[in-house]
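**Q**
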Amino acid sequence: MKVLVIGAGGREHALSYKLNDSELVDTVYAIPGSEAMNNVATSISDIKEDDHEGILNFAKDHEVEWVVIGPEQPLTEGLADTLREAGIKVFGPNKAAAQIEGSKSFAKRIMEKYDIPTADYKEIDNKADAMAYVRDCDVPVVLKKDGLAAGKGVIIANTRDEAVEAVEAMYQEREDSKVVFEAFLEGEEFSLMTFVNGDYAVPFSCIAQDHKRAFDNDEGPNTGGMGAYCPVPHIKDEVLRETNDKIAQPIAKAMQAEGYDYFGLLYIGAILTAEGPKVIEFNARFGDPEAQVLLKRMDSDLMQHILDLEAKAPIDMEWKDASVVGVMLASKGYPGAYEKGVKVSGFEDNSDFFVSGLKKDGDDYVTSGGRVILALGEGSDIKEAKAKAYDNVEKIKSDGLFYRKDISDKALRNG
Ligand code: AMP
Ligand code: GLY
């Protein structure tokens, strides 16, 4: 069959790589894709991600059977709805269901109503009330913008002064912005990808851990993700089971009970507190860079899993007997301002690298985004996988990139 991946980043590179590996799949197209993805897909770069009609026409003209939507933007803008209405199968939730990611307040309300463990919260929609709130709330406090923010709409204020500053920042553009104020949770974070079809939810039997902060030792600002690894040996299977029982199954049932028809991948960003796992965030799609390490480790057929999900049949995921570590190389300055157009080489046509932010300029690749390239390493344990990942980092030649040196160290410390 022919499948079409929507998106142009490292996650979509990994999805294309994995679908291209499937015996069920003959052709993988990517819209818009990128030149660097053409080792595993045919990129159609003259159609844009937000051109829903263009995507629909392409899918019809090329007899695409399944469309796999990578990023959140097209999901929250209703691309899945447009394609499904025309009879094309889509892996990814419709616009209404994608609110679980698109609106923090939607997600918090549904968790509150269905007793799904998460931080206590208050929703405030004007600056004056927000200032009054932070004058006597507990600190640290976490402020979250309501809409999509590419992992950058969250401020953790450790002191009251920081909380006041954070309110100034959140309401800088509009004094009537909707902001969720959350209690600060302590514990270790992990990411659980879950296949969801209505009330049928099947979590991945392997979790991953992201590294959200820009710099080593979890310092610096939040980013889209600076590296990931899997499995996470120090977070035990019983935590995965508890996350399934208390979060994955109840949220699928809650969404269905509320009339949302969820079909696709639900990302559970969880934190393991002293009271058990709690939800930090839901995403309506695979995590990036979690997808890259998980799909690299997955030994079974992703396309078969999507078909099994559609049929609500058992999903038997198999994993390589190996650990995978991925280190993100990002443009110097990211997540703040950064230069584009810096030359990068050393990764070409090699599935040890998934590319997020590069484009061709003549014969060279140059940077076109904040997160640029994920270097992967596979090994018999995390230590070996980490060493291989950093060996691959060394293969990248560029003056414009930086990366964290401590990806997967939490596993090594706790192992
Ligand atoms: P989010 O975009 O909601 O995933 O938040 C980004 C990051 O902020 C998370 O990965 C956490 O590291 C941190 N964070 C968000 N909410 C909380 C919370 N309630 N307590 C502690 N840390 C949080
Ligand atoms: N890596 C976190 C995310 O994809 O939102």
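For the sequence shown, the positions run 1 to 415 when UniProt numbering is used.
Even glycine gets a Cβ: it sits at the ideal position worked out from N, Cα and C.
(1) Going by DSSP, which residues form a beta bridge with residue 200?
(2) Return yes when the C-beta of residue 124 is under 8 angstroms from any heavy atom of the ligand AMP, and no when it is not.
(3) With DSSP as the reference, identify every bridge partner of residue 230, one or two as the case may be.
(4) Would residue 421 pass as a contact of residue 195 if the rule is Cβ separation under 9 angstroms?
(5) Is it the case that the CB of residue 210 approaches a heavy atom of the ligand MG more closely than 8 angstroms?
(6) Provide the residue(s) that pair with residue 365 in DSSP beta bridges, ordered along the chain.
(7) DSSP three-state call for residue 278: helix, strand or coil?
(8) Taking 8 angstroms as the threshold, find out whether the segment 99-117 comes into contact with the segment 278-294 through three or more Cβ pairs.
(9) Indicate, with yes or no, if the ligand GLY has a heavy atom lying under 8 angstroms from the CB of residue 288.
(10) What whole-angstrom Cβ distance do residue 366 and residue 393 have, given they're in contact under 8 angstroms?
(11) What residue range does the beta strand (DSSP E) around residue 83 cover?
(12) With DSSP as the reference, label residue 17 as helix, strand or coil.
(13) Could you give the residue range of the alpha helix (DSSP H) that holds residue 389?
(14) I'd like to check one pair, residue 347 with residue 272: are the Cβ atoms closer than 9 angstroms?
(15) At what residues does the beta strand (DSSP E) containing residue 222 begin and finish?
(16) Along the chain, which unbroken stretches of the alpha helix (DSSP H) at least 4 residues long are found entirely within the segment 140-189?
(17) Measure from the alpha carbon of residue 82 to the alpha carbon of each residue in 101, 59, 103, 100, then state which is nearest.
(18) Return the chain-ordered list of same chain residues with a C-beta closer than 7 angstroms to the C-beta of residue 96, the five sequence neighbours on each side being excluded.
(19) Determine the direct distance from the alpha carbon of residue 363 to that of residue 391, and round the result to whole angstroms.
(20) Three or more beta-carbon pairs under 8 angstroms between the segment 368-387 and the segment 59-70, yes or no?
(21) Roughly how far, in whole angstroms, is the beta-carbon of residue 33 from the beta-carbon of residue 22, given that I think they are within contact range, below 8 angstroms?
(22) Quick check on the DSSP output: the beta strand (DSSP E) that includes residue 272 runs from which residue to which?
(23) For residue 167, I'd like the list of residues in its chain whose CB is within less than 6 angstroms of its CB, leaving aside the five on either flank, ordered along the chain.
(24) Would you say residue 77 touches the ligand AMP, meaning its beta carbon is less than 8 angstroms from a heavy atom?
(25) Report yes if the C-beta of residue 281 is less than 8 angstroms from at least one heavy atom of the ligand GLY; otherwise report no.
(26) I'd like to confirm the pairing. Which residues does DSSP put opposite residue 375 in its beta bridges?
(27) With DSSP run on the structure shown, which of helix, strand or coil describes residue 126?
(28) Closer than 8 angstroms to a non-hydrogen atom of the ligand AMP - does that hold for the CB of residue 104?
(29) Taking C-alpha atoms, which residue in 212, 235, 138, 310 lies nearest to residue 414?
(30) Once the 5 residues before and after residue 267 are set aside, which same chain residues still bring their CB inside 7 angstroms of it?
(31) Rounded to a whole number of angstroms, what is the C-alpha to C-alpha distance between residue 306 and residue 210?
(32) Express the C-alpha separation of residue 142 and residue 452 in angstroms, rounding to a whole number.
(33) What span of residues does the beta strand (DSSP E) with residue 252 cover, start to end?
(34) For residue 230, which option in 292, 74, 359, 223 has the closest C-alpha, if you only look at C-alpha atoms?
(35) Would you tell me roughly how many angstroms separate the C-alpha atoms of residue 342 and residue 184, rounded to the nearest one?
(36) Report the rounded CA-to-CA distance for residue 242 versus residue 208, giving the unit in angstroms.
**A** According to the structure data:
(1) Counting from 1 along the sequence shown, the entry for residue 200 is found at position 200. Residue 200 is bridged to 197.
(2) Taking the first residue of the sequence shown as 1, we reach residue 124 at position 124. Outside the cutoff, so no.
(3) Taking the sequence shown and counting its residues from 1, one reaches residue 230 at position 230. DSSP, once it has assigned bridges, lists 324 as partnering residue 230.
(4) The first residue shown for the chain is 1 and the last is 415, placing residue 421 beyond what the model contains.
(5) Among the ligands present in this structure, namely the ligand AMP and the ligand GLY, the ligand MG is not found.
(6) One-based indexing of the sequence shown puts residue 365 at position 365. In the DSSP assignment, the residues bridged to residue 365 are 344, 360.
(7) For the purposes of this step, residue 278 is taken as the residue at position 278 of the sequence shown. Strand.
(8) Short answer: they touch.
(9) The residue given as residue 288 occupies position 288 in the sequence shown. Checking every heavy atom of the ligand GLY against the Cβ of residue 288, one is found closer than 8 angstroms.
(10) Here residue 366 refers to the residue found at position 366 of the sequence shown. Here residue 393 refers to the residue found at position 393 of the sequence shown. No, residue 366 and residue 393 are not in contact; Cβ-Cβ is about 19 angstroms, not under 8 angstroms.
(11) Here residue 83 refers to the residue found at position 83 when the sequence shown is read from its first residue. Here residue 83 belongs to no beta strand (DSSP E); instead the alpha helix (DSSP H) covers 79-85.
(12) To locate residue 17, count along the sequence shown from 1; it is residue 17. Here residue 17 sits in helix by DSSP.
(13) Here residue 389 is taken as the residue at index 389 of the sequence shown, counted from 1. Here the alpha helix (DSSP H) through residue 389 covers 382-395.
(14) In the sequence shown, counting from the first residue as 1, residue 272 sits at position 272. In the sequence shown, counting from the first residue as 1, residue 347 sits at position 347. Contact: no.
(15) Looking up residue 222 in the sequence shown gives position 222. According to the DSSP assignment, residue 222 belongs to the beta strand (DSSP E) that extends over 219-222.
(16) Runs found: 160-170.
(17) Walking along the sequence shown from the start, residue 82 turns up at place 82. Ranking 101, 59, 103, 100 by Cα distance to residue 82 puts 59 first.
(18) For the purposes of this step, residue 96 is taken as the residue at position 96 of the sequence shown. Result list for residue 96: 260, in chain order.
(19) Walking along the sequence shown from the start, residue 391 turns up at place 391. Walking along the sequence shown from the start, residue 363 turns up at place 363. About 25 angstroms.
(20) At 8 angstroms Cβ cutoff, the stretches do not touch.
(21) Here residue 33 is taken as the residue at index 33 of the sequence shown, counted from 1. Here residue 22 is taken as the residue at index 22 of the sequence shown, counted from 1. Actually they do not touch by this definition, with Cβ atoms about 18 angstroms apart.
(22) As a first step, residue 272 must be located in the sequence shown, where it is residue number 272. Unbroken beta strand (DSSP E) run through residue 272: 263-273.
(23) Taking the first residue of the sequence shown as 1, we reach residue 167 at position 167. Closer than 6 angstroms at Cβ, skipping near neighbours: 130, 131, 134.
(24) Taking the first residue of the sequence shown as 1, we reach residue 77 at position 77. Checking the Cβ of residue 77 against the ligand AMP gives no.
(25) In the sequence shown, counting from the first residue as 1, residue 281 sits at position 281. For the ligand GLY, at least one heavy atom lies less than 8 angstroms from the Cβ of residue 281.
(26) Taking the first residue of the sequence shown as 1, we reach residue 375 at position 375. DSSP, once it has assigned bridges, lists 327, 353 as partnering residue 375.
(27) Counting from one through the sequence shown, the residue named residue 126 turns up at place 126. Looking at residue 126 - three-state DSSP - the assignment turns out to be coil, as it is neither helix nor strand.
(28) Position 104 of the sequence shown, counted from the start, is the residue given in the question as residue 104. Within 8 angstroms of the C-beta of residue 104 there is at least one heavy atom belonging to the ligand AMP.
(29) For this step, residue 414 is matched to residue 414 along the sequence shown. Checked all of 212, 235, 138, 310; the closest Cα to residue 414 is 235.
(30) Start at 1 with the first residue of the sequence shown, and residue 267 comes out as number 267. The beta carbon of residue 267 sits closer than 7 angstroms to the beta carbons of 191, 193, 282, 283, 285, 286, 287 from its chain, once the five residues preceding and following it are set aside; these are given in chain order.
(31) In the sequence shown, counting from the first residue as 1, residue 306 sits at position 306. In the sequence shown, counting from the first residue as 1, residue 210 sits at position 210. Their Cα atoms are separated by approximately 24 angstroms.
(32) Residue 452 lies beyond the stretch modelled for the chain, which goes from 1 to 415, so this question has no answer here.
(33) By one-based count along the sequence shown, residue 252 stands at place 252. Premise fails: residue 252 lies in the alpha helix (DSSP H), 249-257, not in any beta strand (DSSP E).
(34) Looking up residue 230 in the sequence shown gives position 230. Per the C-alpha coordinates, the member of 292, 74, 359, 223 positioned closest to residue 230 is 292.
(35) In the sequence shown, counting from the first residue as 1, residue 342 sits at position 342. In the sequence shown, counting from the first residue as 1, residue 184 sits at position 184. Looking at the two C-alpha atoms, the distance is approximately 38 angstroms.
(36) For the purposes of this step, residue 242 is identified with residue 242 of the sequence shown, where counting begins at 1. For the purposes of this step, residue 208 is identified with residue 208 of the sequence shown, where counting begins at 1. About 16 angstroms.
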